[in-house]
Ligand code: CA
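Residue numbers (the working numbering): 29 to 712.
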């Protein structure tokens with residue numbers, strides 16, 4: 029029997045809403061030149077490149093790079109794994125700061141690519157890939173993938189709206205489609221191992237799961253989100269990726285998520301496609317810069333691994349159960365091959381199997397978010413020979429994906445310019461009939477807030493900045509007029525909603541949405557009337573990571589389109605961010621009003637708080653009891669020993685909203701990348 033755990037990986041819950049720190053006088057000083065050896069000009073667009081290795085912004089990059097690598101600052105574990113944040117008391121997408129994500133690894137690679145660009149030292153880039161491969165790409169005999177049938181990749185289990193509707197029953201009567209990638213991947217690589225990152229690690233083994241029940245191995249593979257769009261981080265049960273029944277109940281954690289007559293020991297992993305695509309993106313730039321230096325051979329093995337990652341990343345294009353596109357009922361047609369592919373970057377792909385190797389499974393995801401798309405990676409994987417995956421249909425798949433992703437964001441672009449939520453091939457996660465009047469994209473239904481609703485996935489401006497930064501880089505290297513058209517409108521909107529001046533700045537934070545795309549988009553479509561699809565900026569932020577992504581997209585767009593508004597806004601944002609330097613990096617003060625959810629207990633009234641099914645009782649590795657009526661904090665009592673805990677306890681006792689100056693790895697990297705890209709492309 030095949031037990032399938034539904035998986036929902038990385039989400040961005042913690043939109044930071046920082047207080048506005050007091051602003052002094054900008055102090056960006058161009059002093060001594062960086063020691064830069066070799067070519068200083070950047071690659072793609074000679075028209076707009078300034079010889080700028082002596083830019084003060086490049087110098088700021090190096091200063092920040094050094095802080096990130098200063099062991100006294102605590103960005104890396106003893107194994108060399110980048111933490112999600114220096115600070116341990118941290119709950120947003122991960123539920124602890126010393127967890128890490130595939131996202132952090134992808135930024136680590138990019139940071140080291142930039143380091144190689146400036147110093148011609150490619151050792152750190154290769155080393156970053158090696159650490160990633162060792163710790164967050166599962167492989168080996170522990171995770172046997174036996175008994176896989178590509179004609180029946182998984183057993184269907186419906187998703188539900190609320191965690192309290194779980195565990196979900198397996199339904200063997202719903203037809204699932206064929207996995208068209210298995211045979212060619214097997215032929216190319218000769219292994220059942222999937223070359224993709226799992227999304228989440230407990231780096232310090234804070235929970236105590238270790239690896240496959242040993243309790244001690246660190247970093248440890250774990251997962252959290254499993255129970256539909258209303259399961260916020262506060263409602264998750266962190267559990268081991270390798271389920272050996274050593275912790276939790278006599279059947280481990282499985283009965284919380286899945287309903288079965290007999291439970292089997294098993295392992296399962298979930299990939300966050302935006303992170304793997306970002307790793308490919310970083311590899312492209314490393315290849316470009318190393319080639320300029322005549323040093324491409326120094327990273328050729330790593331670049332080949334990036335191409336391999338891109339081969340497997342195609343699983344993210346597929347419907348969860350390989351149903352044909354346009355599915356509106358559990359009885360809809362099973363896919364027979366590429367007809368199950370949306371050619372988009374969906375929210376995840378996942379894989380797993382029994383500990384005894386008797387069976388294994390693979391799934392895609394039916395839900396597609398506008399902010400997850402990466403046309404740059406699709407372009408690199410389909411046009412750059414060193415990055416083109418070896419499997420026979422991979423180049424065509426990525427070429428199709430490139431076009432489809434640009435079409436997708438065009439279809440989703442609001443009247444104002446921001447990109448709306450996305451589309452799903454499985455309404456409600458259960459192949460429900462869509463509401464009449466909802467438009468479709470290649471048969472998939474418009475989804476205003478794909479994947480998660482607590483909080484809604486369409487309200488975080490960071491998805492705008494991340495997604496459009498990739499489009500801007502793609503436009504920079506390709507000159508694609510369709511990408512430029514989307515960017516022209518998006519950039520105008522974003523700059524209109526950004527304030528800079530005197531070193532201060534404010535960028536959009538929370539967005540609200542109304543309306544929908546003005547029509548269906550099918551093969552051959554070039555536009556729809558989106559005059560009824562609207563976005564409003566609800567509030568603003570100085571969030572460092574998002575500011576970095578935003579400044580960087582303005583840099584690439586401004587350089588290529590020679591747009592002075594974009595260039596000057598990028599510069600002002602970076603100057604503003606640099607006023608928030610501290611000993612460990614760049615940080616602004618954030619209020620975390622949501623930390624009052626630490627001790628929320630589930631109630632049938634509001635359906636919020638940690639839900640544990642009646643009748644389930646179990647124990648966390650540290651002895652914390654898992655049972656109905658317990659809270660996020662109750663099953664994570666280690667938080668009470670955190671050095672920052674008193675701030676949260678005071679808040680829950682009626683005190684002020686706690687504030688933090690976080691140093692997230694991805695955010696430090698994103699602002700660092702913005703600094704060096706601005707310095708190299710625009711200069712000063
Ligand atoms: Ca909820």
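Glycine is no exception: its CB is placed at the ideal position from the N, C-alpha and C atoms.
Pair within 8 Å by beta-carbon distance, residue i and residue j
{"i": "residue 549", "j": "residue 446", "result": "no"}
{"i": "residue 342", "j": "residue 182", "result": "no"}
{"i": "residue 234", "j": "residue 397", "result": "no"}
{"i": "residue 579", "j": "residue 606", "result": "no"}
{"i": "residue 538", "j": "residue 618", "result": "no"}
{"i": "residue 461", "j": "residue 393", "result": "no"}
{"i": "residue 640", "j": "residue 647", "result": "no"}
{"i": "residue 449", "j": "residue 402", "result": "no"}
{"i": "residue 167", "j": "residue 303", "result": "no"}
{"i": "residue 698", "j": "residue 577", "result": "yes"}
{"i": "residue 399", "j": "residue 507", "result": "no"}
{"i": "residue 368", "j": "residue 205", "result": "yes"}
{"i": "residue 670", "j": "residue 229", "result": "no"}
{"i": "residue 144", "j": "residue 153", "result": "yes"}
{"i": "residue 300", "j": "residue 376", "result": "yes"}
{"i": "residue 474", "j": "residue 544", "result": "yes"}
{"i": "residue 294", "j": "residue 271", "result": "yes"}
Residue i - DSSP class collapsed to helix/strand/coil
{"i": "residue 83", "result": "coil"}
{"i": "residue 484", "result": "strand"}
{"i": "residue 417", "result": "coil"}
{"i": "residue 297", "result": "strand"}
{"i": "residue 534", "result": "strand"}
{"i": "residue 525", "result": "coil"}
{"i": "residue 476", "result": "coil"}
{"i": "residue 96", "result": "helix"}
{"i": "residue 331", "result": "helix"}
{"i": "residue 104", "result": "strand"}
{"i": "residue 590", "result": "coil"}
{"i": "residue 323", "result": "coil"}
{"i": "residue 13", "result": "For the chain, the structure presents residues 29 to 712; residue 13 sits outside this window and is missing."}
{"i": "residue 609", "result": "strand"}
{"i": "residue 436", "result": "helix"}
{"i": "residue 404", "result": "helix"}
{"i": "residue 441", "result": "strand"}
{"i": "residue 260", "result": "coil"}
{"i": "residue 61", "result": "Residue confidence is low: residue 61 scores 25 on pLDDT, short of 50, so the model does not pin down where it sits. No coordinate-derived value is stated."}
Bridge partners - residue i, DSSP secondary structure assignment
{"i": "residue 396", "result": "374, 451"}
{"i": "residue 285", "result": "Its beta-bridge partners do not exist; DSSP assigns none."}
{"i": "residue 630", "result": "None, per the DSSP bridge assignment."}
{"i": "residue 659", "result": "629"}
{"i": "residue 381", "result": "295, 388"}
{"i": "residue 251", "result": "267"}
{"i": "residue 362", "result": "351"}
{"i": "residue 692", "result": "113"}
{"i": "residue 226", "result": "Looking at the DSSP assignment, residue 226 forms no beta bridge with any residue, so it has no partner."}
{"i": "residue 313", "result": "Residue 313 pairs with nothing; no bridge assigned."}
{"i": "residue 199", "result": "184"}
{"i": "residue 646", "result": "654"}
Counted within 10 angstroms of its Cβ, other Cβ atoms place residue i as buried (16 or more) or exposed
{"i": "residue 57", "result": "For residue 57, the pLDDT reaches just 24, beneath the cut-off of 50, and the residue's location in the model is therefore unreliable, leaving the point undetermined."}
{"i": "residue 650", "result": "exposed"}
{"i": "residue 348", "result": "buried"}
{"i": "residue 634", "result": "exposed"}
{"i": "residue 727", "result": "No statement about residue 727 is possible, as the shown extent of the chain runs from 29 to 712 and does not include it."}
{"i": "residue 195", "result": "buried"}
{"i": "residue 200", "result": "exposed"}
{"i": "residue 695", "result": "buried"}
{"i": "residue 597", "result": "buried"}
{"i": "residue 621", "result": "exposed"}
{"i": "residue 100", "result": "exposed"}
{"i": "residue 509", "result": "exposed"}
{"i": "residue 441", "result": "buried"}
{"i": "residue 140", "result": "buried"}
Any C-beta of chain C under 8 Å from that of residue i
{"i": "residue 609", "result": "Of the protein chains in this structure there is only one, and it is not chain C."}
Meets three-Cβ-pair contact criterion under 8 Å: the region 604 to 618 and the region 91 to 98: yes
The region 238 to 248 in contact with the region 203 to 213 per 3-pair CB rule at 8 Å: no
Sufficient close CB pairs (3 or more, under 8 Å) joining the region 146 to 154 to the region 314 to 332: As far as the Cβ criterion goes, the region 146 to 154 touches the region 314 to 332, which means the pair count is three or higher.
Three-pair Cβ contact test at 8 Å for the region 265 to 275 versus the region 362 to 369: Output reads no: the region 362 to 369 does not touch the region 265 to 275.
The region 416 to 433 touching the region 518 to 536, judged by at least three CB pairs closer than 8 Å: no
Contact between the region 185 to 196 and the region 285 to 297 (3+ Cβ pairs under 8 Å): yes
Touch test, the region 407 to 417 against the region 309 to 317, Cβ-Cβ under 8 Å, three pairs minimum: yes
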